[in-house]
Each structure stands twice: as structure tokens, then as C-alpha cells.
Amino acid sequence: MNTEIAADTERLVELRRDLHRWPEIGFNEQRTSALVAGRLSELGWTVTTGLAGTGVVGVMQNGDGPAIGIRADMDALPMQEASGRAWASKTEGMFHGCGHDGHTTILLALAEHLASRQQFRGTVVLIFQPAEEGLGGGRVMVEEGLFDRFPCGAVYGFHNMPLLPLGKAVVKAGPSMASQDEFKVTFRGKGGHAAMPHMSRDAVLATAEATMALQGLISRETDPHAAAVLSVTEIHSGTTHNVIPEDGWLGGTVRTLDQAVRKSLEEGLRRVCSGVAGARNVNAEIDYHHGYPVLVNDPACAENLRQAVNKALGPDTLDDAFQPLLAAEDFAYMLNERPGAYVLLGQRDDEHTAMVHNPAYDFNDRLIPIATQVLAALVED
Numbered sequence: 104m105n106t107e108i109a110a111d112t113e114r115l116v117e118l119r120r121d122l123h124r125w126p127e128i129g130f131n132e133q134r135t136s137a138l139v140a141g142r143l144s145e146l147g148w149t150v151t152t153g154l155a156g157t158g159v160v161g162v163m164q165n166g167d168g169p170a171i172g173i174r175a176d177m178d179a180l181p182m183q184e185a186s187g188r189a190w191a192s193k194t195e196g197m198f199h200g201c202g203h204d205g206h207t208t209i210l211l212a213l214a215e216h217l218a219s220r221q222q223f224r225g226t227v228v229l230i231f232q233p234a235e236e237g238l239g240g241g242r243v244m245v246e247e248g249l250f251d252r253f254p255c256g257a258v259y260g261f262h263n264m265p266l267l268p269l270g271k272a273v274v275k276a277g278p279s280m281a282s283q284d285e286f287k288v289t290f291r292g293k294g295g296h297a298a299m300p301h302m303s304r305d306a307v308l309a310t311a312e313a314t315m316a317l318q319g320l321i322s323r324e325t326d327p328h329a330a331a332v333l334s335v336t337e338i339h340s341g342t343t344h345n346v347i348p349e350d351g352w353l354g355g356t357v358r359t360l361d362q363a364v365r366k367s368l369e370e371g372l373r374r375v376c377s378g379v380a381g382a383r384n385v386n387a388e389i390d391y392h393h394g395y396p397v398l399v400n401d402p403a404c405a406e407n408l409r410q411a412v413n414k415a416l417g418p419d420t421l422d423d424a425f426q427p428l429l430a431a432e433d434f435a436y437m438l439n440e441r442p443g444a445y446v447l448l449g450q451r452d453d454e455h456t457a458m459v460h461n462p463a464y465d466f467n468d469r470l471i472p473i474a475t476q477v478l479a480a481l482v483e484d
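For our numbering, count along the sequence shown from 1 and bump the result up by 103.
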């Protein structure tokens with residue numbers, strides 16, 4: 104462990120826990136953004152605020168060389184915390200259940216390290232992104248000219264991972280996290296008395312049949328070697344036992360690691376739901392929303408990141424058996440614009456076993472110096 108980085112850990116832990124106490128959800132990270140901008144300014148970084156509303160970008164140049172971007176997300180989740188920690192959220196219905204408080208702290212720790220040592224050559228662009236949790240803050244930053252205003256030859260991201268032990272890491276070349284689409288299908292028929300179903304057109308039956316039929320898109324129409332998920336997570340219809348309702352709807356998500364499979368599943372969903380509607384003499388209204396794209400690591404950038412992990416943490420750190428995740432991450436929008444890579448950093452130990460988005464989750468503060476050292480090795484080499 105780099106002794107300079109390790110020496111600051113106690114102060115950084117206090118910073119992280121302060122951010123944890125005062126969580127802010129997407130595009131509302133006012134306090135967090137101000138804290139980040141203020142600290143970067145104190146350290147001598149050139150600071151730009153207001154990108155995607157609450158985004159912050161810090162730039163530092165040290166001689167000639169390439170420009171590298173490193174991104175951290177800042178937002179919390181709209182859910183109640185149940186971790187029992189002394190530093191638990193003080194804001195009802197919000198908490199840092201995905202560790203973005205830790206990510207923000209890590210990138211600030213890197214800012215301190217780079218500013219004090221000046222051991223890099225070129226330009227470093229630190230990207231503090233709002234609204235990763237489902238709102239696409241990364242897309243908004245790109246659309247507002249992130250890489251036009253702050254050119255980067257490559258851009259890198261990172262995330263804590265409770266499925267990995269502390270001290271382990273995963274960097275994959277190619278598809279590493281899934282696309283994420285959402286759908287809602289409403290079947291509209293004709294309501295009636297439950298004792299006289301022949302006088303109705305049953306939307307409940309169509310909703311149920313479509314729920315079952317959609318699974319055939321995965322089991323019978325998708326290559327079994329392709330990672331893909333179609334999950335129906337909501338079914339709604341009716342208000343009482345003796346009325347056949349006029350309509351019913353189902354909703355869910357589609358995740359893939361391949362754009363062609365993503366397109367095929369959308370087409371299949373539309374075909375299946377329209378077909379079921381026709382068979383049951385009801386109408387189908389299909390609302391399909393394209394969310395985050397597949398996160399694809401550039402092979403050369405992934406290798407750079409792997410080398411940084413090995414240098415910082417040792418040759419046995421990388422877990423190459425870990426499979427790509429079907430969770431989604433809007434850093435994918437940045438990787439669609441610039442080559443780059445994304446690393447998962449293990450955080451599990453005896454006191455940190457809860458998965459992200461679990462009410463009992465808390466970021467592992469022992470990861471702060473580990474992640475900072477990896478990113479420092481990436482920039483300085």
C-alpha cells in the first residue's frame with residue numbers, strides 16, 4: 104500500500120461518512136457538488152460546474168502528454184436505509200445504497216494525490232457525474248459536450264462490488280455490463296360480470312398468457328450462449344372478485360450483452376404481445392423504453408487498467424472467472440464516445456456482506472486507499 108495514500112485514510116473516511124449522512128438523489132446533488140468543487144479548487148484543479156446541472160469537472164495539466172478522464176458517480180438512491188451505522192442517512196427516504204459516497208471520496212482522494220505529487224504527464228480530467236441511478240446523468244453530460252469541452256483520449260470508471268472480496272478486482276475486455284430496457288404492455292378488452300365471461304373480452308387472460316409466452320423469447324429464440332434476461336416484474340389488473348376488468352398490464356426489464364440480441368428481444372416482445380392480443384380479441388398498447396446501452400470495455404484500455412491493478416495490488420488480485428454483469432451502468436454512454444474501461448473493485452468482508460441497493464448496505468471504507476492506489480497507478484504510468 105502506498106504510504107502517502109494510506110496516511111490520509113482516516114480523514115477520507117470522515118469525508119465519506121459525511122457524504123453518507125447527507126445523501127442527495129439524481130440531479131439534486133447540490134451539497135455534494137459544492138463540496139467536490141470546493142475541495143478541487145483548494146487543491147489547484149481548474150473546476151467547471153453546472154454540466155448536467157450538478158456535475159463537476161476538474162482538470163489538471165502537467166506538461167505534454169495524453170488526456171485521461173476518470174469518472175465517479177455522486178448520487179444516492181430514493182430508499183430507506185437500515186444499516187444501523189452511526190453515520191446512517193439523516194434524510195428520510197434517501198441513502199447511499201450503491202456506494203457513490205465512496206466513489207466520490209475515492210476520486211477526491213485521487214485529486215489530492217495527483218496534485219501533491221505531480222508525477223503524471225499530460226492532462227487529467229476528473230468527472231464527478233450526477234444521476235447515475237436510472238436517470239442517465241452520464242448521457243446528459245455527453246450531450247452537453249463533456250468531451251468537446253474536455254477532450255480525453257481515454258476515459259475510465261470504477262465501482263465497488265460486494266460480490267467480490269476486498270482486495271480483488273475484475274476488468275474484462277469487451278461487453279462487461281448489460282443494456283437495460285424497460286417495457287409496459289397494456290391489454291384493453293371489454294369488462295363484464297365474472298359470472299358471464301362470454302360477454303367480455305378478457306384482458307386478464309391476455310396479460311397472463313403474454314407473461315408466460317414472453318419467456319419463450321429467451322428459451323427458444325435466443326442463442327443459449329448469449330447472456331440475456333427478460334423479466335416480467337409487474338402484473339396489474341382488477342379491483343374486486345366478481346368483475347372481469349376492462350384492462351390489465353404487465354411490465355418488466357430486458358437485459359443483454361449484445362446489441363443484436365437487444366434488438367431481437369424488443370421485436371419479439373412486440374410480436375408476442377400483439378399476437379396474444381389478437382388471439383384473445385383484445386388490444387395491446389406497447390410502451391418500450393430504451394435505457395442504458397451495453398457497457399463495452401476497449402481491449403487496449405482494459406489491459407492498461409489490468410496492469411494498473413496488478414502494479415497497485417499485486418498479480419493475484421484480478422478475478423478472471425467473474426462473469427459480466429447483467430446490471431446496467433450509464434458510464435456506457437461515455438464509452439460509446441471514447442475508448443475506455445471499467446473496473447469492479449471488491450468490497451466484501453465480514454462487516455460488509457450486503458449487496459448494493461439493499462437497505463443494509465454500507466460502503467467499505469477500507470476500499471478507499473485500495474481504489475485510489477489503482478487509479479493513481481493508471482494515471483501515473
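We treat Cβ as the ideally placed atom computed from N, Cα and C, and that holds for glycine.
| query | result |
| --- | --- |
| Option in 298, 157, 478 and 354 with minimal Cα separation from residue 289 | 354 |
| Cα-Cα separation, residue 359 to residue 203 | 24 Å |
| Nearest to residue 439 (by Cα), restricted to the options 264, 245 and 206 | 245 |
| Simplified DSSP assignment, three categories, for residue 287 | strand |
| Pairwise C-alpha distance: residue 351 and residue 345 | 16 Å |
| Cβ pair count under 8 Å reaching 3, the region 448-460 against the region 376-394 | no |
| Within the region 369-425, ranges of the beta strand (DSSP E) (whole runs, at least 3 residues) | 386-393 and 398-400 |
| Residue 356 - DSSP class collapsed to helix/strand/coil | strand |
| For residue 251 and residue 163, the rounded distance between their alpha carbons | 17 Å |
| Residue from 259, 415, 446 and 318 with nearest C-alpha to residue 334 | 318 |
| Alpha-carbon spacing of residue 151 relative to residue 178, whole angstroms | 18 Å |
| Three-way DSSP call (helix, strand, coil) for residue 278 in this model | strand |
| Whole-number beta carbon distance between residue 468 and residue 119, since they are thought to touch under 8 Å | 6 Å |
| Host beta strand (DSSP E) of residue 334 (start-end) | 331-340 |
| Close beta carbons around residue 477, own chain, < 6 Å, minus the five adjacent residues each side | 411, 412 and 415 |
| Whole-number beta carbon distance between residue 470 and residue 448, since they are thought to touch under 8 Å | 6 Å |
| Through-space distance from residue 338 to residue 423, alpha-carbon basis | 38 Å |
| Buried/exposed call for residue 312, threshold 16 Cβ in 10 Å | buried |
| Simplified DSSP state of residue 164, which is helix, strand or coil | strand |
| Residue 135 versus residue 188: straight-line alpha-carbon distance, rounded | 20 Å |
| Pairwise C-alpha distance: residue 380 and residue 305 | 10 Å |
| Residue environment, residue 384, which counts as buried when at least 16 other CB atoms sit within 10 Å | exposed |
| Length of the line joining the Cα atoms of residue 271 and residue 430 | 19 Å |
| Where the beta strand (DSSP E) through residue 205 begins and ends | Run containing residue 205: none in the beta strand (DSSP E); it sits in the alpha helix (DSSP H), 203-220. |
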